[in-house]
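Residue numbers (this note's numbering), protein chains in the order written: chain A, 2 to 384; chain B, 22 to 307.
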Amino acid sequence: MSGAYIRGMGLSCALGTDVETCITAMQQMQIRPVHVQLDGFDEPMRIPYYRIPDGGDLFDDSRFTRLLVPVVRAAIVQAGLSAVELRRLPLFTGSSCFSIGSSEVQYAKALAEGSGAALPMPLCGYQDIGEIIRRTLGCAGDTYAYNTACTASANALLGALRMLEMGWYRHALVVGVELANLTTLTGFSGLQLVADTIQPFDANRKGMVFGEGIGAVVLSTHPGDVGGLRVVGGTNNCDTHSVTTANPQGDSVAAVLSSTLEQIKLQAGQIRGIKAHATATPTGDTAEAAGMHQVFDSLPPVSALKPFIGHTMGACSINELVLFGGALQKGFLPASTAVETPDPILGVSPLTAPVAAPDGYYLLNHFGFGGNNTVLAVEKFTP
Amino acid sequence: MIQVISASHYLQTVPDDTGLPTLDSTLKQLCREPFRRIDRFIQLALLGSARCAASQSLRADCGIYLGSGLGPIGNNAVIQKRLIHDHEIPKPFNFINTLGSAAGYYVAKNLDLQGQNLFISRRGASLQAVLSMAMADLTLGVVSQALVGVVEEVTLPLAEHRRRQGLAAGMLMAEGSDWLLLQTAGEGGRQLHLQRFAAFVELQTVLKSAWCDGDTVCCARSMEQPMADTLQQDYGSSTLPASQRGFHDSLETVSLAEFVVEGRQKNLFLADGDTERGWSLFHLGA
């Protein structure tokens with residue numbers, strides 16, 4: 002087990018626009034989704050949403066840069082990289098939307114101007130996040146853009162970890178981005194997966210609520226001055242049961258949990274806690290619960306973070322890693338009051354009051370469309 | 022040691038807007054079941070991966086590493102036009118197919134694979150990005166076999182497709198699906214190495230020492246221009262003039278896959294990088 006140290010973190014989500022504010026708000030059990038009104042369709046759509054509290058227009062094109070840069074800068078500053086290290090810093094991005102919101106705005110603007118040359122998807126490819134970071138912060142290393150639905154930033158983190166283990170880089174920047182866009186909001190509404198509240202593993206769960214968030218982590222081969230958190234491994238697999246739903250028997254979830262434990266050479270009983278994916282969809286929670294029960298005779302404490310920030314899609318892994326890791330650093334496992342009646346069929350009761358987080362190993366679950374499953378393993382240690 | 026044990030190569034020019042060549046009959050032969058509600062990008066991924074895996078014994082831990090510069094751009098453009106121009110919400114399967122991982126899902130289902138499944142992009146150098154990841158995983162023992170593919174689709178009208186990428190009007194466009202099956206510890210196949218360098222001069226030194234006139238080819242399309250010019254001057258460059266074969270975002274993949282498929286018994290070097298990123302050199306042995 003080698004792994005890489007988390008040297009710096011940044012976060013902007015519904016809880017706040019910096020890590021400290023977000024962790025404090027989470028401790029205070031603050032849950033504050035808003036509603037987004039989408040007009041112009043056959044029927045007006047009113048969608049619950051966890052937005053970043055920046056006060057700006059949700060679909061303003063300039064938000065992309067305005068919100069991304071401070072998050073990445075915070076992670077870089079905390080990591081204490083030299084100017085040379087910053088210039089050569091490789092960037093691993095994970096997102097399900099990338100710049101699609103900006104593309105929508107630019108296309109709509111061209112149409113409104115009456116331009117006959119209005120072009121759908123004027124911004125193509127997956128490089129915009131990297132280009133903004135290069136232009137504003139000077140990070141000009143290799144770029145790897147991951148697009149694997151809701152596991153994207155978890156897979157980006159694993160990619161960074163493995164390339165650090167190969168000795169190709171000494172530091173890596175991993176960024177997850179999910180910002181409001183019409184494609185995601187209307188696309189998921191069309192799939193009828195959206196509920197008014199997120200109640201993971203609850204008997205009354207009805208679906209997910211989306212959110213936006215940007216998270217950044219600097220991984221390094223050496224701990225630096227921050228210390229306390231190390232990514233020790235993780236694995237990914239593909240469940241071909243269905244492109245949209247996991248096998249309710251939980252076999253692929255169990256497989257990815259087991260392969261992660263095997264990789265880091267630990268027994269299930271040595272795990273101190275789990276950050277569940279916990280989307281609160283009827284089928285998603287069923288598969289996750291069944292998979293965890295296949296691997297754990299007795300479940301360790303389970304945290305569910307989406308009641309705080311919504312489901313931030315391809316960015317959820319990094320956003321929730323920062324929240325969960327920040328809580329571990331402060332010595333507690335996060336809890337929420339969103340769960341009122343744990344579903345007895347599932348047998349999973351997420352924490353409703355924080356408990357102490359001892360040094361040791363923790364797992365973070367992530368599952369996405371396309372059958373993509375990724376589990377990360379993190380060690381909390383006393384520097 | 023990493024070996025290339027199989028490859029497939031598909032490159033199709035699209036000279037005008039009369040339509041894309043149908044892939045239905047080819048896919049009917051290649052796929053275990055008919056997949057409905059899939060888009061062109063997924064069709065191309067299925068075609069290339071199935072051809073590459075044909076007659077091969079895939080291991081249980083075989084990972085799928087799909088790269089693309091533009092991804093499923095056709096489906097994305099259709100959805101955006103319907104959403105913004107026509108005010109229609111996306112149809113469920115159109116929406117699901119916008120995700121890069123959708124193609125990997127269908128490839129896995131068709132080949133009965135349940136292992137690692139990734140989609141990685143780097144404009145103009147998605148091959149280098151996805152191949153680096155696969156080679157790292159093979160070296161670290163995360164997987165013992167890796168199916169690595171790069172897919173680029175063409176969308177119609179061609180004028181919009183070119184504009185979207187900032188290409189000159191009239192440039193000949195192509196779609197492609199090129200795949201390699203890599204593995205560790207097996208019989209046969211051609212060796213594939215990846216070396217990384219902090220300085221360009223180190224790359225030059227290795228290339229010079231390995232160079233055999235007439236038996237070696239060097240490609241250096243996606244690198245810092247002065248260095249690319251240096252390599253071009255010393256070793257010649259592309260094996261695949263874009264003007265004749267059509268352009269897409271990931272032409273280096275074509276060089277690599279075509280080399281294996283055609284059994285060209287030469288060393289192939291793919292050089293990539295710049296001063297900030299450092300330099301990488303993929304070497305396919307003769």
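All C-beta atoms, glycine included, are put in the ideal place defined by N, C-alpha and C.
Using a cut-off of 7 Å between C-beta atoms, extract the partners of E393 (chain A) located in chain B. Outside the displayed range of chain A (2 to 384) lies residue 393 (chain A), so it cannot be described from this structure.
For T34 (chain B), decide whether its Cβ has a neighbour in chain A, counting only Cβ atoms nearer than 8 Å. No, its Cβ sits nowhere closer than 8 Å to a Cβ of chain A.
Going by the beta-carbon positions, is the gap between T274 (chain B) and L68 (chain B) smaller than 8 Å? L68 (chain B) is positioned such that its CB atom lies no closer than 8 Å to that of T274 (chain B).
So the candidates are A:E166, A:G371, A:A181, A:A357; which of them puts its Cα closest to the Cα of V35 (chain A)? When only C-alpha atoms are compared, the closest one is A:A181.
Would I100 (chain B) be called buried (16 or more neighbouring beta carbons within 10 Å of its own) or exposed? Answer is buried; the Cβ neighbour count reaches 16.
May I ask you to verify whether the stretch 316–333 of chain A touches the stretch 150–159 of chain A, counting CB pairs closer than 8 Å and requiring at least 3? A contact exists between the stretch 316–333 of chain A and the stretch 150–159 of chain A.
Give the interface partners of V178 (chain A) over in chain B, defined as CB-CB distance under 9 Å, in chain order. Contact of V178 (chain A) with chain B by beta-carbon distance below 9 Å is absent, the smallest such distance being about 14 Å.
Just the chain A side, please: which residues come within less than 8 Å of F140 (chain B) by C-beta, in chain order? What F140 (chain B) touches in chain A: Y147, N148, T149.
Run of the beta strand (DSSP E) containing M154 (chain B), from where it starts to where it stops: Taken as a continuous stretch (DSSP letters only), M154 (chain B) belongs to no beta strand (DSSP E), being part of the alpha helix (DSSP H) at 147–161.
S103 (chain A) versus M27 (chain A): straight-line alpha-carbon distance, rounded: Straight-line Cα distance between these residues: approximately 30 Å.
With 16 other Cβ atoms within 10 Å as the buried cut-off, status of R217 (chain B): Counting C-beta atoms within 10 angstroms of its own C-beta, R217 (chain B) has 16 or more neighbours from the protein chains shown and is therefore classed as buried.
What does DSSP give as the partner residues of L224 (chain B) in its beta bridges? Answer by DSSP bridge pairing: none, since L224 (chain B) is not bridged.
Check the Cβ-Cβ distances between Q204 (chain B) and every residue of chain A, and say whether any is below 8 Å. So no, Q204 (chain B) is outside the interface.
By Cβ distance, which residues of its chain are closer than 7 Å to D226 (chain A), with the 5 residues on each side in sequence left out? The answer, listed in chain order, is G81.
Minimum C-alpha distance to Y31 (chain B) - residue among B:C233, B:V172, B:M248: Per the Cα distances, B:V172.
Contact belief for A150 (chain A) with L120 (chain B) at Cβ below 8 Å, rounded distance in angstroms: The Cβ separation is near 5 Å, so the contact holds.
Excluding the 5 residues flanking V323 (chain A) on each side, which residues of the same chain have their C-beta closer than 7 Å to its C-beta? Correct list, in chain order: M10, L12, V20, G216, V218.
Mind listing, in chain order, the continuous alpha helix (DSSP H) runs of no fewer than 4 residues lying wholly within the stretch 125–203 of chain A? Segments of the alpha helix (DSSP H) lying fully in the stretch 125–203 of chain A: 129–138, 153–166, 183–191.
Just tell me which of B:F62, B:A75, B:R80, B:R211 has its CA closest to the CA of I94 (chain B). Of the listed residues, the one whose Cα sits closest to I94 (chain B) is B:F62.
Nearest to R57 (chain B) by alpha carbon, out of A:S243, A:T383, A:G191, A:M30? The shortest C-alpha to C-alpha distance from R57 (chain B) to any of A:S243, A:T383, A:G191, A:M30 is the one to A:S243.
State yes or no: is the beta carbon of L183 (chain A) nearer than 8 Å to at least one beta carbon in chain E? Within the model displayed, chain E is absent; protein chains A and B are what it includes.
Would DSSP call V257 (chain A) helix, strand or coil? Helix.
Coil, strand or helix - C98 (chain A) by DSSP: Reduced to three states, the DSSP call for C98 (chain A) is coil.
How would you call L291 (chain B), buried or exposed, if buried means at least 16 neighbouring beta carbons within 10 angstroms? That one is buried.
Quick check on E292 (chain B) - is its C-beta less than 8 Å from some C-beta in chain A? In the sequence as presented, Glu is not what sits at residue 292 (chain B); that position holds Ala. Answer no: the Cβ-Cβ gap between A292 (chain B) and chain A never drops below 8 Å.
Report the partner residues of L92 (chain A) according to the DSSP bridge assignment. Residue pairing for L92 (chain A): DSSP places it in a beta bridge opposite A:T144, A:L174.
Can you list, in chain order, the residues of its chain with a C-beta nearer than 8 Å to that of Q1 (chain A)? Leave out the 5 residues immediately preceding and following it. The structure shown does not extend to residue 1 (chain A), since chain A spans only 2 to 384, so no value can be given for it.
Compare the Cα-Cα distances from E245 (chain B) to each of B:R184, B:F221, B:Y256, B:D199 and report the closest residue. When only C-alpha atoms are compared, the closest one is B:F221.
If you follow the alpha helix (DSSP H) that K276 (chain A) is in, where does it begin and where does it stop? Counting along the chain, K276 (chain A) falls outside any alpha helix (DSSP H), though it belongs to the beta strand (DSSP E) covering 272–276.
According to DSSP, simplified to helix, strand and coil, what is E380 (chain A)? If DSSP states are grouped into helix, strand and coil, E380 (chain A) belongs with the strands.
Using C-beta distances below 7 Å, list every residue in its chain close to K331 (chain A), excluding the 5 sequence neighbours before and after it, in chain order. If we look at K331 (chain A) and ignore the five residues flanking it on each side, its Cβ neighbours are I24.
What's the gap between the Cα of S259 (chain A) and the Cα of E321 (chain A)? Between S259 (chain A) and E321 (chain A), the C-alpha separation is close to 21 Å.
Of all Cβ atoms in chain B, is any one closer than 8 Å to the Cβ of G327 (chain A)? Residue contact with chain B for G327 (chain A): absent (no Cβ-Cβ distance below 8 Å to any residue of chain B).
Can you name, in chain order, every residue of its own chain whose Cβ lies under 8 Å from the Cβ of Q250 (chain A), other than the five neighbours on each side? A288, A291, listed in sequence order.
Segment contact flag, the stretch 253–269 of chain A with the stretch 372–384 of chain A, C-beta cutoff 8 Å, min 3 pairs: Cβ pair count under 8 Å is three or more, so yes.
Please classify P308 (chain A) as buried or exposed, where buried requires at least 16 neighbouring CB atoms within 10 angstroms. Residue environment: P308 (chain A) is assigned as buried (16 or more neighbouring CB atoms within 10 Å of its CB, all protein chains considered).
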